[in-house]
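Q: The numbers in UniProt numbering rise by one with no breaks, and the one at position 121 of the sequence shown is 121.
The beta-carbon is built from N, C-alpha and C at its ideal position, and this holds for glycine as well.
Note that this is a predicted model, so its numbers are computed, not measured.
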Amino acid sequence: MEEEIVYRHTVEGVFRAIGDRLTPELRSKLVAVGLDLDAQSPRNTSRTLFAEALRVTVAHLYPELDANEGYRRLGVCIIQGMEQTVLGKSLVSMWPIFGPERVVVRIQESFSTVNNYMKSELLTQGPGHHIIRVNECNGNPGYLRGLIEAGLARAGAKNLRVEPFDFDGHACSYRVRWGG
């Protein structure tokens with residue numbers, strides 16, 4: 001069986017999005033769990049190491065919050081970080097034009113570009129009502145919840161609610177609703 005890996009661009013993107021909050025102390029904590037962001041040639045990261053790095057990062061950045069909210073905020077941070085790159089800024093600027101219905105499809109499809117193991121499914125229940133199922137949440141459903149919320153908010157979704165359910169420690173489903 002192929003090793004489950006998170007692609008290098010995903011790892012780089014997460015920690016670039018954190019910006020100046022990626023302190024020497026946080027870097028040291030990441031090295032302690034096996035993730036050296038200063039390595040000469042960054043490489044793909046195992047699924048388990050990435051999940052541990054996310055846990056350490058959430059605990060460091062959001063010690064006053066419960067884990068679910070910390071992971072959610074980190075997910076939101078990723079979309080905000082995308083907007084700081086030239087390509088990301090141009091992509092995110094198009095989301096209001098596409099609208100939330102098209103963006104929810106793109107968000108769900110993009111999950112397969114971050115690693116070699118995540119599978120997702122979008123079930124449309126009606127306008128502004130979808131279920132997104134994923135087979136892996138990297139330790140906490142809040143991370144993907146934050147990504148979905150921030151992406152759809154940028155696309156113009158009003159009265160947005162993203163509710164994780166059926167989390168089994170790995171797989172999770174998200175009820176995504178907006179409008180009305």
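Under 8 Å between the Cβ atoms of Ile79 and Gly13?
A: Mapped onto the sequence shown, residue 79 falls at position 79. Mapped onto the sequence shown, residue 13 falls at position 13. No, the pair does not count as a contact, with Cβ atoms beyond the cut-off.
Q: Would DSSP call Glu52 helix, strand or coil?
A: Walking along the sequence shown from the start, residue 52 turns up at place 52. In the structure shown, Glu52 sits in a helix (DSSP, three-state: H, G or I).
Q: Nearest to Val11 by CA position, among Gln125, Ala67 and Gly75, is which residue?
A: For the purposes of this step, residue 11 is taken as residue 11 along the sequence shown, with counting starting at 1. With distances taken between Cα atoms, Val11 lies closest to Gly75.
Q: Could you give the residue range of the alpha helix (DSSP H) that holds Gln84?
A: Position 84 of the sequence shown, counted from the first residue, corresponds to residue 84. Premise fails: Gln84 is in no alpha helix (DSSP H) and is neither H nor E.
Q: Would the beta-carbon of Ile132 fall within 8 Å of that of Ile148?
A: Taking the sequence shown and counting its residues from 1, the one referred to as residue 132 is at position 132. Taking the sequence shown and counting its residues from 1, the one referred to as residue 148 is at position 148. At the C-beta level, Ile132 and Ile148 come within 8 Å of one another.
Q: Which residues in the same chain have their Cβ closer than 6 Å to the Cβ of Glu52, if we skip the five residues on either side of it in sequence?
A: Taking the first residue of the sequence shown as 1, we reach residue 52 at position 52. Excluding positions up to five away in sequence, the list reads Val33.
Q: Starting from Arg161 and walking both ways along the beta strand (DSSP E), at which residues does that stretch end?
A: Your numbering for residue 161 matches position 161 in the sequence shown. Residues Arg161 to Phe165.
Q: Is DSSP giving Glu2 helix, strand or coil here?
A: Numbered from 1 along the sequence shown, position 2 holds the residue referred to as residue 2. Note: Glu2 maps to coil in three-state DSSP.
Q: Counting pairs of beta carbons, one from the segment 168-177 and one from the segment 89-99, are three or more of them closer than 8 Å?
A: no
Q: Is it right to say Leu87 is buried, meaning 16 or more other beta carbons lie within 10 angstroms of its own, or is it exposed?
A: Within the sequence shown, numbered from 1, the residue matching residue 87 stands at position 87. Exposed, because fewer than 16 other Cβ atoms sit within 10 Å of the Cβ of Leu87.
Q: Go ahead and label Ala17 buried or exposed: buried means 16 or more other beta carbons lie within 10 angstroms of its beta carbon, across all protein chains shown.
A: In the sequence shown, the residue the question calls residue 17 occupies position 17. With 16 or more Cβ atoms within 10 Å of its Cβ, Ala17 is classed as buried.
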